[in-house]
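Participant: The sequence shown finishes on residue 222 if you use my numbering, and the numbering steps up by one all the way, no holes. For glycine and all other residues, C-beta sits at the position ideal for the given N, C-alpha and C. Quick one: the structure is below, and I'll ask about it shortly.
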Amino acid sequence: EAEAFWLRALEMADPEVHWAHVRGLPSLSINAVQVAKLDSAMARIEEASSLAEETGDLFSIGVTAVQTGRVFADLGRHAEVLPPLDRGIAIFTELGARWELADARAGRGIAYRNLGRLDEAEADPRYATRPSEELGDRQLPGWTRRPHAPGAADGGNPSHHRRPPPPPTAAP
Numbered sequence: 051e052a053e054a055f056w057l058r059a060l061e062m063a064d065p066e067v068h069w070a071h072v073r074g075l076p077s078l079s080i081n082a083v084q085v086a087k088l089d090s091a092m093a094r095i096e097e098a099s100s101l102a103e104e105t106g107d108l109f110s111i112g113v114t115a116v117q118t119g120r121v122f123a124d125l126g127r128h129a130e131v132l133p134p135l136d137r138g139i140a141i142f143t144e145l146g147a148r149w150e151l152a153d154a155r156a157g158r159g160i161a162y163r164n165l166g167r168l169d170e171a172e173a174d175p176r177y178a179t180r181p182s183e184e185l186g187d188r189q190l191p192g193w194t195r196r197p198h199a200p201g202a203a204d205g206g207n208p209s210h211h212r213r214p215p216p217p218p219t220a221a222p
């Protein structure tokens, strides 16, 4: 149902107003990941990224960069996750977009953990928790801490960490 909602919203938007598409397509990408349509997720975020670059809107470029990193993670392409997340972090730092920066750094912390880079994995979630709590956000701190809980429970012993789960697959 969410996909139909976003598609309808995009149909209603003026095709010349790229902003609406740049913001709607990442939502479609997120929705596609949630229903295991990973090829669609990548196609949506690639389209959004292209439009964001075309408009030159730094905030939109940051949003699409972070979502690109997340889609790479969902596809199991872990070696490709960090560059777009780092780009989003740099943009949100420059813009002073605190919540988006916290969200991107939380994602990067999870990416570091999935890559087995446990020392680096701790700094970003710690950073992300502080501004999200200051801004009154209740979702991001829990989302940030959850993937790191196994490491905290076993004292950070890397031999106990599981590899990241494989990406979801579409039902036949």
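Does DSSP put GLY74 in a helix, in a strand, or in coil?
Facilitator: Residue state, collapsed to three classes: helix.
Participant: Tell me whether the segment 104-111 and the segment 77-94 touch, counting them as touching only if at least three CB pairs, one residue from each stretch, are closer than 8 Å.
Facilitator: Judged by Cβ distances under 8 Å, the segment 104-111 makes no contact with the segment 77-94, as fewer than three pairs qualify.
Participant: Report the residue from LEU145, ASN81 and ALA52 whose alpha carbon sits nearest the alpha carbon of ALA91.
Facilitator: The residue with the shortest Cα to Cα distance from ALA91 is ASN81.
Participant: Taking C-alpha atoms, which residue in VAL85, GLN84 and PHE122 lies nearest to GLU96?
Facilitator: The residue with the shortest Cα to Cα distance from GLU96 is PHE122.
Participant: Once the 5 residues before and after ARG94 are set aside, which same chain residues still bring their CB inside 8 Å of it?
Facilitator: Closer than 8 Å at the Cβ level, and outside the excluded window around ARG94, lie LEU75, PRO76, LEU78, SER79 and ALA82.
Participant: Given a threshold of 16 other Cβ atoms within 10 Å of its Cβ, counted over all protein chains shown, does GLU150 qualify as buried or as exposed?
Facilitator: That one is buried.
Participant: Quick one: Cα of ARG137 to Cα of GLY186, how far?
Facilitator: Rounded to the nearest angstrom, the two C-alpha atoms are 25 Å apart.
Participant: Hey, is the segment 141-159 in contact with the segment 168-182, meaning 3+ C-beta pairs nearer than 8 Å?
Facilitator: They touch, by the three-pair rule.
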